[in-house]
Amino acid sequence: MRVVTFKVDGVSKPVDVDRVVIAGWTGRNRAAVERHVAELAAMGVRSPAVTPSFFQVGTELLTTAPQIDVVGNHSSGEVEFVLVSAADGLYVGVGSDHTDRQVEAYDFTVAKQMCPKPMAPELWSLAAVEGHWDELVLRSHVTRRGETILYQHGSVSNILSPMDLVARWPGASAGLPAGTVMFCGTLPVEGDIGGGEHFRVELIDPAGGRTLRHDYTTRCLSVPD
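Be aware that the sequence shown starts at 82, since it is given in my numbering, and climbs by one per residue.
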């Protein structure tokens, strides 16, 4: 277990984190999910046994730092809303399931363990946005060689709702256990999948006029010849 300190309404909130879960294949349109599974299978990515799928990764991978270290230049981020189960209830944040795409081609589970999982250091109470959940928007931008472009953009209504994901998580009959952080799936990319030197993820609440945002840079570690 480790303690990660977030802010909620400007007040520091330490959270005991003992489990980080990556949820995949979480689209609400199941036909589209199955098409995507088939597309990736054609590229050599092993198909999941069930969808959605849940992968547990090390708690040390979770970070709110503005920089991460990765091996080589074949990793990239993807914007996701993130559920945080604290002792006093559920919170929502925004993060990036940064993944090694080269490793993903031959072992999806190992790829999820290869990179840090950046997350904004601020949370909202899930109860505060649950009533208008489908109005929320996910967005990401990537900067490559100094040029910033829109990478992903769309409504959270494209992804299974928080409580639906909680209900599908194995062993969640009593809800998401306190201490669990769950990355909840992502949106299609605008163009080609690929990394860059800078990534921005956002969860936007138009009704509340507020945004959760996190910017991080990637430092590529050298690989011996």
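For each residue, glycine too, the CB sits at the ideal point set by N, CA and C. Note that the structure is a prediction, hence the values are computed from the model and not measured.
Would you tell me roughly how many angstroms separate the C-alpha atoms of residue i and residue j, rounded to the nearest one?
i, j, result
"V237", "L171", "17 Å"
"R225", "D181", "17 Å"
"G153", "M195", "11 Å"
"D296", "R109", "28 Å"
"H155", "D286", "32 Å"
"K45", "E271", "What is shown of the chain runs 82 to 306, which leaves residue 45 out entirely."
"E141", "K88", "19 Å"
"V191", "E185", "7 Å"
"T247", "L257", "Residue 247 is actually Val in this sequence, not Thr. Cα to Cα, V247 sits roughly 6 Å from L257."
"M82", "G290", "35 Å"
"P202", "S242", "22 Å"
"A209", "L217", "12 Å"
"W205", "V160", "17 Å"
"A255", "R249", "12 Å"
"V92", "A112", "42 Å"
"E278", "C301", "9 Å"
"F162", "L284", "7 Å"
Taking its Cβ as the centre, do 16 or more other Cβ atoms sit within 10 Å of residue i, making it buried, or is it exposed?
i, result
"V304", "exposed"
"M263", "buried"
"A104", "buried"
"Y187", "exposed"
"T86", "exposed"
"T229", "exposed"
"H213", "exposed"
"D178", "buried"
"P251", "exposed"
"G227", "exposed"
"L231", "exposed"
"G276", "buried"
"G174", "buried"
Could you pull out every residue in the same chain whose Cβ sits closer than 7 Å to the Cβ of residue i, ignoring the five residues on either side in sequence?
i, result
"R127", "F189"
"D97", "M82, V84, G260"
"S166", "L257, P258, A259, G260, T261"
"A288", "H213, E216"
Going by DSSP, which residues form a beta bridge with residue i?
i, result
"L204", "V89"
"H222", "L231, R281"
"P199", "T144"
"K193", "Answer is none; K193 lacks a bridge partner."
"G108", "I240"
"R127", "In the DSSP output, where bridge partners are listed per residue, R127 has none listed."
"I149", "T299"
In three-state DSSP terms, what is residue i?
i, result
"V304", "coil"
"E161", "strand"
"T180", "strand"
"D188", "coil"
"D296", "strand"
"R100", "strand"
"A167", "strand"
"D245", "helix"
"D286", "strand"
"G212", "helix"
"V114", "helix"
By Cβ distance below 8 Å, which residues in the same chain neighbour residue i in space, the five residues on each side in sequence not counted?
i, result
"W106", "V114, H117, V118, P129, T132, P133, S134, G266"
"P199", "T144, T145, A146, I149, G158, G176, S177, H179, F280, V282, H295, Y297"
"N239", "G108, R109, N110, L268"
I'd like to confirm something about residue i: is its beta-carbon nearer than 7 Å to some heavy atom of the ligand NAD, or not?
i, result
"L219", "Absent from the structure shown: the ligand NAD. Ligands present: none."
For residue i, which residues from the same chain have a beta carbon less than 6 Å from its beta carbon, with the 5 sequence-adjacent residues on both sides left out?
i, result
"Q137", "V102"
"Q183", "H155"
"K193", "I103, F136, V138"
Nearest chain D C-beta to residue i closer than 8 Å, yes or no?
i, result
"I103", "The question asks about chain D, but that chain is absent: this structure has only one protein chain."
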